[in-house]
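Numbering-wise (the working numbering), the sequence shown opens with residue 18 and increments by one. Here a beta-carbon is modelled for each residue, glycine too, at the ideal position from N, C-alpha and C.
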Amino acid sequence: MAAYDAIVLGLGGMGSATLFHLARRGLRVLGLERFDLVHEHGSSHGLTRIIRLAYWEHPTYVALLRRAYELWRELESLADERLLHITGSVDAGPEGGAIFQGALRSSQFHGLPHEVMDGAELHRRFPGYRLPRETRCLYQPEGGFLLPERCNVAHVAQAQTHGAEVHCREPVLEWGAEEGRTWVRTARGRYEAGRLVICAGPWASKLVPELSGLAVAERQVLAWLQPARPELFRLGAFPVFNLEVEEGRFYGFPSFLVPGFKFGKYHHRGETVDPDQVNREPEPADEELLRDFARRYFPDGAGPALMLKACLFTNSPDRHFILDRHPDHPEVSIAAGFSGHGYKFCSVVGEVMADLAQTGRSRHDIEFFRLGRFAAT
Ligand SMILES: Cc1cc2nc3c(=O)[nH]c(=O)nc-3n(C[C@H](O)[C@H](O)[C@H](O)COP(=O)(O)OP(=O)(O)OC[C@H]3O[C@@H](n4cnc5c(N)ncnc54)[C@H](O)[C@@H]3O)c2cc1C
18 MAAYDAIVLG LGGMGSATLF HLARRGLRVL GLERFDLVHE HGSSHGLTRI IRLAYWEHPT
78 YVALLRRAYE LWRELESLAD ERLLHITGSV DAGPEGGAIF QGALRSSQFH GLPHEVMDGA
138 ELHRRFPGYR LPRETRCLYQ PEGGFLLPER CNVAHVAQAQ THGAEVHCRE PVLEWGAEEG
198 RTWVRTARGR YEAGRLVICA GPWASKLVPE LSGLAVAERQ VLAWLQPARP ELFRLGAFPV
258 FNLEVEEGRF YGFPSFLVPG FKFGKYHHRG ETVDPDQVNR EPEPADEELL RDFARRYFPD
318 GAGPALMLKA CLFTNSPDRH FILDRHPDHP EVSIAAGFSG HGYKFCSVVG EVMADLAQTG
378 RSRHDIEFFR LGRFAAT
């Protein structure tokens, strides 16, 4: 039986960052991952993830985002690799809609550089976009995208340079905590540590029953379609977007790594799933739903399919994150419920979770993300 200062359960986006921050502080850490270091079963695959500052979901996130940008830049320099591409971002929808109004509120509240325009002006600036004239669009120059698989690997590799031990293909079967110590039993052995950080993504409620109903896996599908006019969707010509239209809320990216216009629908077909049983093979109905959207709003991008991928969200009831210590075991902390918008925050969530493990408190204001908020309702 080996003893560590901390064990990180799950090395996806949040766990890999947590491992890095703990290791960098000189703690003896073990990272355990049930699949390969890079895999397609969880939430952090698919080549690109949007990052943006004008956060329409809630202005509370902006302070964390500023630190997230700083930490991503630092990781790039440590890894000597480009992980973050700035493209500008568009948050668009009806005048009174949640995306446009929320992005405007965040921009005004935090004094973020931004421009507001209608759908026609957006098309003049970025001709891949064909939104109705009356669509209200907020353009933010600091938006862009991250490369999630590369970011996860960079966090793990940097953690290893600080002595972290990493075991992949080693599922955690059970864990426990008593008298200030924690333990985990895996398919290969048993390990002890002073602290346990659970970053299990869609599997969170399987490991922490208290999260049942509070961290619910949902199937998503992403599409990459071949543009008829690739020059309109290339990096530099096409900002990332969040868009609210009558068909729902969608997000998208310029072509990158795969020569296709990439996009998806938030909460795709509303399929709540068991992450161990989910159908990861996209179906014709998945493609049809996405293609209908592209035909209408991005007709020059709606060519033949190049790639479709299924992926999982883990939704909390209010769609905000859960960052807290376990209600009964203060030695155990939990990062869960990222509700389809967590990736951009991994770098700073790693810092928050390392703080919680080390001192029980974080240097960042995480009151908004406490698990106890659900007990109160
Ligand atoms: C289609 C899609 C598009 C998205 N787009 C964006 C976006 O543009 N911008 C953005 O910010 N966010 C986006 N997100 C959300 C973001 O990707 C997630 O919030 C983030 O990846 C969650 O990271 P995680 O570490 O919680 O989960 P994961 O990355 O899934 O990591 C959890 C890890 O825990 C491991 N694990 C689970 N159980 C065990 C066990 N028993 N033992 C050992 N290991 C275990 C899993 O194998 C997995 O590797 C998107 C998500 C999806 C699905």
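Alpha carbon of residue i to alpha carbon of residue j, nearest angstrom
i, j, result
"Ile383", "Ser350", "13 Å"
"Ala34", "Asn169", "7 Å"
"Trp200", "Leu28", "17 Å"
"Arg167", "Gln243", "24 Å"
"Gln177", "Glu263", "47 Å"
"Ser61", "Arg387", "23 Å"
"Ser229", "Gln375", "26 Å"
"Asp395", "Ala171", "Given a span of 18 to 394 for the chain in the structure shown, any question on residue 395 remains unanswerable."
"His131", "Tyr21", "47 Å"
"Val369", "Arg150", "42 Å"
"Leu8", "Cys363", "In this structure the chain extends from 18 to 394, so residue 8 is not present and cannot be described."
"Arg212", "Ile116", "39 Å"
"His38", "Ala371", "6 Å"
"Pro321", "Leu139", "25 Å"
"Leu224", "Leu26", "10 Å"
"Phe255", "Gly206", "49 Å"
"Gln294", "Gly218", "15 Å"
"His105", "Ala392", "It should be pointed out that residue 105 corresponds to Gly in this sequence rather than to His. In a straight line, the C-alpha of Gly105 is about 39 Å away from that of Ala392."
"Ala302", "His343", "40 Å"
"Asp291", "Thr331", "11 Å"
"Ala40", "His285", "37 Å"
"Tyr283", "Gln237", "8 Å"
"Arg251", "Ser272", "5 Å"
"Gly193", "Thr203", "12 Å"
"Arg141", "Phe385", "40 Å"
"Gly32", "Pro299", "27 Å"
"Ser222", "His346", "16 Å"
"Gln125", "Arg378", "30 Å"
"Leu44", "Val173", "14 Å"
"Leu147", "Ala181", "The amino acid at residue 147 is misidentified as Leu; the sequence shows Arg. About 49 Å."
"Glu87", "His179", "20 Å"
"Ala352", "Ala232", "10 Å"
"Glu57", "Pro276", "20 Å"
Residue i vs residue j beta-carbon contact at 8 Å
i, j, result
"Pro226", "Arg51", "no"
"Val183", "Leu155", "no"
"Glu209", "Arg198", "yes"
"Trp220", "Met324", "no"
"Gly389", "Val257", "no"
"Leu54", "Cys185", "yes"
"Val365", "Arg84", "yes"
"Thr152", "Ala120", "no"
"Val214", "Ala23", "yes"
"Arg66", "Phe162", "yes"
"Trp89", "Leu82", "no"
"Pro76", "His127", "yes"
"Ser356", "Arg336", "yes"
"Gly113", "Leu239", "no"
"Ala96", "Gln175", "yes"
Whole-Å CB distance - residue i paired with residue j, under 8 Å assumed
i, j, result
"Phe315", "Phe270", "Not really, about 11 Å apart at Cβ, beyond 8 Å."
"Ser333", "Gly354", "3 Å"
"Ala71", "Leu164", "No, Ala71 and Leu164 are not in contact; Cβ-Cβ is about 22 Å, not under 8 Å."
"Leu329", "Glu235", "7 Å"
"Phe267", "Leu260", "5 Å"
"Ile103", "Lys361", "At roughly 13 Å, the Cβ-Cβ gap does not stay under 8 Å, so Ile103 and Lys361 are not in contact."
"Gly318", "Gly145", "6 Å"
- Query: Considering only residues of the region 205-260, which uninterrupted beta strand (DSSP E) runs meet the minimum length of 3 residues and lie entirely inside it, listed in chain order?
  - Reply: 207-215 and 233-242
- Completely contained beta strand (DSSP E) runs for the region 30-55, where each covers 3 or more residues: 46-49
- Item | In chain order, each beta strand (DSSP E) run of at least 3 residues that lies wholly inside the region 300-376 | 322-332, 339-342 and 349-353
- Please go through the region 109-136 and give each complete beta strand (DSSP E) segment of 3 or more residues, from N-terminal end onward. 132-135
- Item | Start-end ranges of the alpha helix (DSSP H) lying completely within the region 54-99, minimum 4 residues | 78-96
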